[in-house]
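Here is the structure we will look at, set down as structure tokens.
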Amino acid sequence: MSDTLAIAQSFAAMQASATQQALQTEMLRQQAASDQAVVTLLQQSADQMQATLPPGQGQSVDVTV
18 MSDTLAIAQS
28 FAAMQASATQ
38 QALQTEMLRQ
48 QAASDQAVVT
58 LLQQSADQMQ
68 ATLPPGQGQS
78 VDVTV
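The opening residue of the sequence shown carries number 18 in my numbering; numbering runs sequentially from there.
Put into structure tokens, the structure is as follows:
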């Protein structure tokens, strides 16, 4: 009987671990999607800012001199 109980407990622990890993994976996936949305927003903002600057402004600057 104790073997059956140990197997059941082991199975329950494995299921709990698998569920936790699945939730963590989903949370990471959602965080990555959110981060990508922020990057897209920042890129669009930079593009719009570039478009509103006068000619010659907003270009890359050589700071190695």
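Ideal placement from N, C-alpha and C gives every residue a C-beta, glycine not left out.
Next on the checklist: Could you tell me the alpha carbon to alpha carbon distance between S19 and Q32, rounded to whole angstroms?
Outcome noted: 20 Å
Checklist entry - Between the C-alpha atoms of A63 and T57, what's the straight-line distance to the nearest angstrom? => result 10 Å
Next on the checklist: Considering just the uninterrupted stretch of the alpha helix (DSSP H) at V56, what are its terminal residues?
Outcome noted: 19-69
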